[in-house]
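Asker:
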Amino acid sequence: MYALPCGAMPCAKLLCCFCCCQLREGGGTSYGGDDGGSLRPMDAEQLRECGHRMVDFIADYYKSIERFPVLSQVQPGYLKELLPDSAPNRPDTLDTLFDDIREKIIPGVTHWQSPSYFAYYPSNSSTAGFLGEMLSAAFNIVGFSWITSPAATELEVIVLDWFAKMLKLPSQFLSDAPGGGVIQGTASEAVLVVLLAARDRTLKKHGKKSLEKLVVYASDQTHSALQKACQIAGIFPENFRVVKADCSKNYAVAPEAVTEAISVDLSSGLIPFFICATVGTTSSSAVDPLPELGNIAQGHDMWFHIDAAYAGSACICPEYRHHLDGVEKADSFNMNAHKWFLTNFDCSLLWVKDRSYLVEALSTYPEFLKNKASQANSVVDFKDWQIPLGRRFRSLKLWMVLRLYGVENLQSYIRNHIQLAEHFEQLVLSDSRFEVMTPRIFSLVCFRLLPPTSDHDGGRQLNYDLMDTANSSGKIFISHTVLAGKFVLRFAVGAPLTEEQHVDAAWKLLQDEATKLSGSA
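Taking the numbering used here, I'd label the letters of the sequence shown as residues 2 to 522.
Put into structure tokens, the structure is as follows:
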């Protein structure tokens, strides 16, 4: 594993113990005194004691994480049988709680930070992100407006500008331009807010009664979050256009197919208003042709959104930045720092070229929120850039990741995972029983076990069984997708602790299980 500075391996979110920790006579640390009126839920020295113990507990978890099955092996409803059916009336001890976590909670945890976790896409944690979460929990602000904690708003503005410059985004996305950046919870929230902004911008031009005519365009490889966003935004289901990706172009969408769909809709009197492109699709990490799609959007006065939730992190490396060529034509751009950038969940970065559309779509001004700074329009109030009112101090953890690791180390971290994925790809190619299904671009390898010619379902059951037996072993966790009708296995490298030995062990397990399945066929 690439060694990061700051003294410790990347580790998970610190579950700070903000509690009253009084020592009972006879042992154990409890959450409250025997007298109900003595509860002191926040006391500095009690926090110090409980916090140290919790950090030790989590550090021990990380030291032993490889002992646990990567994928939880429990059955649905297991926890109801282990916990009481009502909350305790009297305080329990911290020791007892630790015992319950070990015996009852951890068996039901799928270990996303395990070095043998290769499913979906990663959800990174790190010492720096961990410390940022601690500090955010300590301040525990609800930073909806600048006045509620000026540092929270201003640090977010600064850090998003830093990141935009790392990605070499156009200057219009910076805070001193008409646009700017904001931290959302997830890419699902990001696409929803920009869809609402695009909807309102279009309705302002065509009239509010035009909602039933608005059409959204996306690839069949676009994340399902866009479909949910359309449902929330009131886009008619029949106006959600799913354009089939081109398997000959590594499952990127074909611009000519999008143009054709738009032409058909225009001839029917509909209003094309939103195109979503992806850099690093969920199924196969495909990259849509941004310049061509951007030209199409501009030609029809459509909002152009780019979802780079997974692969955006890789684009801080100069050799991968070309995958963002065309971003200058976009109205909005999103990537998740919590996926592959050592920033604990949740931390989704969204930039818009013109923030006024977000603010117009999402602002409310109740009397109880009015204040001098907001009314003078001299500050940013991020409540007007998101769905909820309240928001956490999430920029702290991203700031700490950037400060404590530095861009060069973060680039090396990304490159190491891509090299490990390339290594796995070569292992697959070296075994004639397997095939790589689409060229690897970043750190995801899509592959499958070739079925015998007599196979009745094209290898679907064979590959499902291979995945199921490997996952059931507890030694690794991988996931699947379907590409061009074929059941495909996905091997995504990205966990902070993953080293070459873990990739090799995973491959050996898959080979061994494939041999067993072939023998039983």
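Don't be surprised by glycine CBs; every beta carbon is placed ideally from N, CA and C. Remember, it's a predicted structure, so these values are computed and weren't measured experimentally.
Taking only runs of the alpha helix (DSSP H) that begin and end inside the stretch 456-509, which ones reach a length of at least 4 residues, in chain order?
Answerer: Correct list: 461-473.
Asker: Three Cβ pairs or more, each shorter than 8 Å: is that satisfied between the stretch 307-314 and the stretch 250-259?
Answerer: The stretch 307-314 vs the stretch 250-259: no contact.
Asker: Which residue from Phe274, Phe174, Tyr366 puts its Cα closest to that of serine 211?
Answerer: By one-based count along the sequence shown, residue 211 stands at place 210. Closest option to serine 211, Cα to Cα, is Phe274.
Asker: Measuring only the C-alpha atoms, how far is alanine 506 from glycine 475?
Answerer: Taking the first residue of the sequence shown as position 1, residue 506 is located at position 505. Taking the first residue of the sequence shown as position 1, residue 475 is located at position 474. Their backbone Cα atoms lie some 13 Å apart in a straight line.
Asker: Beta-carbon within less than 6 Å of histidine 323's beta-carbon, same chain only, minus the 5 sequence neighbours each way: which residues are those?
Answerer: What you label residue 323 is simply residue 322 of the sequence shown in a count that begins at 1. Around histidine 323: no qualifying Cβ.
Asker: With burial defined as no fewer than 16 other Cβ atoms inside 10 Å of the residue's Cβ, what is the status of glutamate 26: buried or exposed?
Answerer: As a first step, residue 26 is located in the sequence shown; it is residue number 25 there, counting from the start. With a pLDDT of only 33 at glutamate 26, under the threshold of 50, the placement of this residue in the model should not be trusted; the figure read from the coordinates follows. Per the 10 Å Cβ criterion, exposed.
Asker: Does DSSP classify threonine 94 as helix, strand or coil?
Answerer: The residue given as residue 94 occupies position 93 in the sequence shown. Looking at threonine 94 - three-state DSSP - the assignment turns out to be strand.
Asker: By a C-beta neighbour count over all protein chains shown, 10 Å radius and 16 as the cutoff for buried, is lysine 1 buried or exposed?
Answerer: Given a span of 2 to 522 for the chain in the structure shown, any question on residue 1 remains unanswerable.
Asker: For valine 244, which beta-bridge partners are listed by DSSP?
Answerer: Against the sequence shown, residue 244 aligns to sequence position 243. According to DSSP, which records beta bridges pairwise, valine 244 is partnered with Ser220.
Asker: Verify whether the separation of the beta carbon atoms of lysine 354 and serine 314 is less than 8 Å.
Answerer: For the purposes of this step, residue 354 is taken as residue 353 along the sequence shown, with counting starting at 1. For the purposes of this step, residue 314 is taken as residue 313 along the sequence shown, with counting starting at 1. No; because the gap between Cβ atoms is not below 8 Å, this pair is not in contact.
Asker: So, at 7 Å on beta carbons, what are the nonlocal neighbours of glycine 235 in its own chain, with the 5 sequence-adjacent residues on each side left out?
Answerer: Along the sequence shown, one-based indexing puts residue 235 at 234. For glycine 235, where only same-chain residues beyond five positions count, the Cβ hits under 7 Å are Leu212.
Asker: Buried or exposed: which applies to aspartate 100, given that a residue is buried once 16 or more other Cβ atoms fall within 10 Å of its Cβ?
Answerer: For this step, residue 100 is matched to residue 99 along the sequence shown. Looking at its Cβ environment, which holds fewer than 16 other Cβ atoms inside 10 Å, aspartate 100 is exposed.
Asker: In this structure, what does DSSP give as the bridge partners for glycine 182?
Answerer: Locating residue 182 in the sequence shown gives position 181, counting from the first residue. Paired residues: Trp352.
Asker: Are there 16 or more other CB atoms within 10 angstroms of the CB of tyrosine 366, so buried, or fewer, so exposed?
Answerer: Position 365 of the sequence shown, counted from the first residue, corresponds to residue 366. Classification of tyrosine 366: exposed, given that the 10 Å Cβ count is below 16.
Asker: Can you name, in chain order, every residue of its own chain whose Cβ lies under 8 Å from the Cβ of leucine 465, other than the five neighbours on each side?
Answerer: Looking up residue 465 in the sequence shown gives position 464. The sequence given here places tyrosine at residue 465; leucine does not occur at that position. Hits under 8 Å: His481, Phe488.
Asker: Let me know if methionine 468 comes out buried or exposed under the rule of 16 or more other beta-carbons within 10 Å of its beta-carbon.
Answerer: The sequence position of residue 468 within the sequence shown is 467, counting from 1. With 16 or more Cβ atoms within 10 Å of its Cβ, methionine 468 is classed as buried.
Asker: Would you mind working out which of Val71, Leu72, Leu98, Gln74 sits nearest leucine 84, comparing C-alpha positions?
Answerer: Here residue 84 is taken as the residue at index 83 of the sequence shown, counted from 1. Here the closest residue by C-alpha is Leu98.
Asker: What is the residue span of the beta strand (DSSP E) that proline 292 lies within?
Answerer: Taking the first residue of the sequence shown as position 1, residue 292 is located at position 291. No beta strand (DSSP E) contains proline 292, which is instead part of the alpha helix (DSSP H) from 291-300.
Asker: Isoleucine 272 and alanine 298: beta carbons closer than 8 Å?
Answerer: As a first step, residue 272 is located in the sequence shown; it is residue number 271 there, counting from the start. As a first step, residue 298 is located in the sequence shown; it is residue number 297 there, counting from the start. No, these two residues do not count as a Cβ contact at 8 Å.
Asker: Any chance you could list the beta strand (DSSP E) runs of at least 3 consecutive residues sitting entirely within the stretch 314-390, in chain order?
Answerer: For the stretch 314-390, whole beta strand (DSSP E) runs of length 3 or above, ordered along the chain, are 333-337, 349-353.
Asker: Is it buried or exposed for alanine 485, if we count other Cβ within 10 angstroms and need 16 for buried?
Answerer: Start at 1 with the first residue of the sequence shown, and residue 485 comes out as number 484. Flag for alanine 485 reads exposed.
Asker: Pairs of beta-carbons, one from the stretch 223-230 and one from the stretch 191-203, closer than 8 Å: are there three or more?
Answerer: Counting Cβ pairs under 8 Å, three or more are found: they touch.
Asker: Between the C-alpha atoms of phenylalanine 425 and tryptophan 304, what's the straight-line distance to the nearest angstrom?
Answerer: Mapped onto the sequence shown, residue 425 falls at position 424. Mapped onto the sequence shown, residue 304 falls at position 303. Cα-Cα distance, rounded: 38 Å.
Asker: Considering only their Cβ atoms, is the gap separating leucine 197 from leucine 317 smaller than 8 Å?
Answerer: The sequence position of residue 317 within the sequence shown is 316, counting from 1. The sequence position of residue 197 within the sequence shown is 196, counting from 1. First, the amino acid is wrong: residue 317 is isoleucine here, not leucine. Their beta carbons are not under 8 Å apart, which means isoleucine 317 does not touch leucine 197 by this criterion.
Asker: Would you list the residues sitting across from threonine 439 in a DSSP beta bridge?
Answerer: Taking the first residue of the sequence shown as position 1, residue 439 is located at position 438. Answer is Cys447.
Asker: If you count every other CB in all the chains shown that lies within 10 Å of the CB of lysine 205, and 16 or more means buried, which is it?
Answerer: Position 204 of the sequence shown, counted from the first residue, corresponds to residue 205. Lysine 205 should be labelled exposed.
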